[in-house]
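> Taking my numbering as reference, the numbering of the sequence shown is continuous, increasing by one, and the terminal residue is 238. Virtual Cβ for every residue (Gly too), placed ideally from N, Cα, C. Let me give you the structure first, and then I'll get to my questions.
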Amino acid sequence: MSLLENKEDLKVLVEELNFKEKVERSKAIISQAYEKYGDGLVVANSLGKDSLAVWDLAKRVNPKIRGFIVTTRYKPKETVKFMDEEVKMYPELEVYKYDAKIPERLYETDPDKCCDLLKVIPVKQAVDRMGVKCWVTGLRCTEGRTRTDFKEVEERDAGLIKLNPILIWKEREVWQYLALYGVRVNPLYAEGYRSLGCEPCTRITNEDNERAGRWIGTSKCGGECGIHTRPLTDGEGI
1 MSLLENKEDL KVLVEELNFK EKVERSKAII SQAYEKYGDG LVVANSLGKD SLAVWDLAKR
61 VNPKIRGFIV TTRYKPKETV KFMDEEVKMY PELEVYKYDA KIPERLYETD PDKCCDLLKV
121 IPVKQAVDRM GVKCWVTGLR CTEGRTRTDF KEVEERDAGL IKLNPILIWK EREVWQYLAL
181 YGVRVNPLYA EGYRSLGCEP CTRITNEDNE RAGRWIGTSK CGGECGIHTR PLTDGEGI
């Protein structure tokens, strides 16, 4: 049976598959989806460790696979520099950004609205302009409390497939992959960050939860920006 139709228990896969088996499974998921969707398969590259692993996996499946990056006016200078270097290396990565005026310090007064404008809208634009039929993410179900109900293959928006090929990887396995294949990463990880976002909304913490440093002091603490929870097409979300 195709992995695109697989219904196995993810919790079992997380614990029972070894690193090599997980890597092979992830590549097979991307390969089968690329065979089905062709140029309509596009990787969402957040420039975080998980996205970088997925991007590398995708390029090993087929170097022609495209991707997009969503950046914001609040990204740390280290992330902006790293993004520029990645785009220079991979010109098939398209960058999307919301440049319209927004209320000052909106990230403090209404972080959900800030993320909707600066992150969700550009993702919608990327999906539309790049003709995306299947978008590939670096989501992992072991990453935090808000990421436990996702599947390896989903259709949360009618007609738009979402692929989460490293969903069952653990954090150490991501770092193992990046080290093994010599994948460059954002220098902010060397400072102690475990999850990267906009500068005002990201902190270094000692919590077990990887995403605990995101949106500290708000209702979004450790949560989501919205691209994985909001509708991304004009169709009715599922």
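Report the rounded CA-to-CA distance for Ser2 versus Glu104, giving the unit in angstroms.
Here residue 2 is taken as the residue at index 2 of the sequence shown, counted from 1. Here residue 104 is taken as the residue at index 104 of the sequence shown, counted from 1. Whole-angstrom Cα-Cα distance: 49 Å.
> Where Ala243 and Gly131 are concerned, what is the direct C-alpha to C-alpha distance, given to the nearest angstrom?
Here the chain has residues from 1 to 238 only, and residue 243 is not among them.
> May I ask you to report which of helix, strand or coil DSSP gives Leu157?
The residue given as residue 157 occupies position 157 in the sequence shown. Leu is not the amino acid found at residue 157; the sequence shown has Asp there. Strand.
> Mapping the DSSP letters down to three states, classify Glu8 as helix, strand or coil.
In the sequence shown, residue 8 corresponds to position 8, counting from 1. Residue state, collapsed to three classes: coil.
> Rounded to a whole number of angstroms, what is the C-alpha to C-alpha distance between Tyr98 and Leu118?
By 1-based counting over the sequence shown, the position of residue 98 is 98. By 1-based counting over the sequence shown, the position of residue 118 is 118. Each residue's alpha carbon lies about 5 Å from the other.
> Ends of the beta strand (DSSP E) at Trp135?
Locating residue 135 in the sequence shown gives position 135, counting from the first residue. Where Trp135 is concerned, the enclosing beta strand (DSSP E) stretches over 134 to 136.
> What's the call for Lys75, buried or exposed, on a 16-neighbour Cβ count within 10 Å?
In the sequence shown, residue 75 corresponds to position 75, counting from 1. With 16 or more other Cβ atoms within 10 Å, it is buried.
> For Arg194, collect the residues of the same chain with a Cβ closer than 6 Å to its Cβ; drop the 5 residues on either side in sequence, then sort them by chain order.
Residue 194 sits at position 194 when you count from the first residue of the sequence shown. Glu210, listed in sequence order.
> So, using beta-carbon positions, are Ala58 and Ile30 closer together than 8 Å?
Residue mapping note: residue 58 aligns to position 58 of the sequence shown, counting from 1. Residue mapping note: residue 30 aligns to position 30 of the sequence shown, counting from 1. Yes. Within cutoff.
> Determine the direct distance from the alpha carbon of Trp175 to that of Asp208, and round the result to whole angstroms.
What you label residue 208 is simply residue 208 of the sequence shown in a count that begins at 1. What you label residue 175 is simply residue 175 of the sequence shown in a count that begins at 1. Rounded to whole angstroms, Asp208 to Trp175 spans 16 Å at the Cα level.
> Examine the Cβ distances between the segment 154 to 167 and the segment 62 to 74 and report whether three or more of them are shorter than 8 Å.
Result no; under three Cβ-Cβ pairs closer than 8 Å.
> Would you call the CB atoms of Thr79 and Leu178 closer than 8 Å?
As a working mapping, residue 79 is identified with position 79 in the sequence shown. As a working mapping, residue 178 is identified with position 178 in the sequence shown. Going by C-beta atoms, Thr79 is not nearer than 8 Å to Leu178.
> Restricting to runs no shorter than 3 residues, where is the beta strand (DSSP E) found entirely within the segment 61 to 86?
As far as the segment 61 to 86 is concerned, its whole beta strand (DSSP E) runs of at least 3 residues are 66 to 70.
> Compute the Euclidean distance between the alpha carbons of Thr72 and Val12, then round it to the nearest angstrom.
Indexing the sequence shown from 1 puts residue 72 at position 72. Indexing the sequence shown from 1 puts residue 12 at position 12. Cα to Cα, Thr72 sits roughly 37 Å from Val12.
> The ligand NAD and Glu21: does the residue's C-beta get closer than 7 Å to at least one heavy atom of that ligand?
Of ligands this structure carries none, so the ligand NAD is not represented either.
> Short of 7 Å in beta carbon distance, which residues of its chain neighbour Tyr189, apart from the five on each side in sequence? Order them along the chain.
Translated into the one-based positions of the sequence shown, residue 189 becomes position 189. For Tyr189, where only same-chain residues beyond five positions count, the Cβ hits under 7 Å are Lys49.
> Check Leu106 in the structure and name its three-state DSSP category.
Translated into the one-based positions of the sequence shown, residue 106 becomes position 106. It is helical.
> Determine contact between the segment 39 to 47 and the segment 198 to 206, defined as no fewer than three beta-carbon pairs at a distance below 8 Å.
In short, these stretches do not touch, since the Cβ pair count stays below three.
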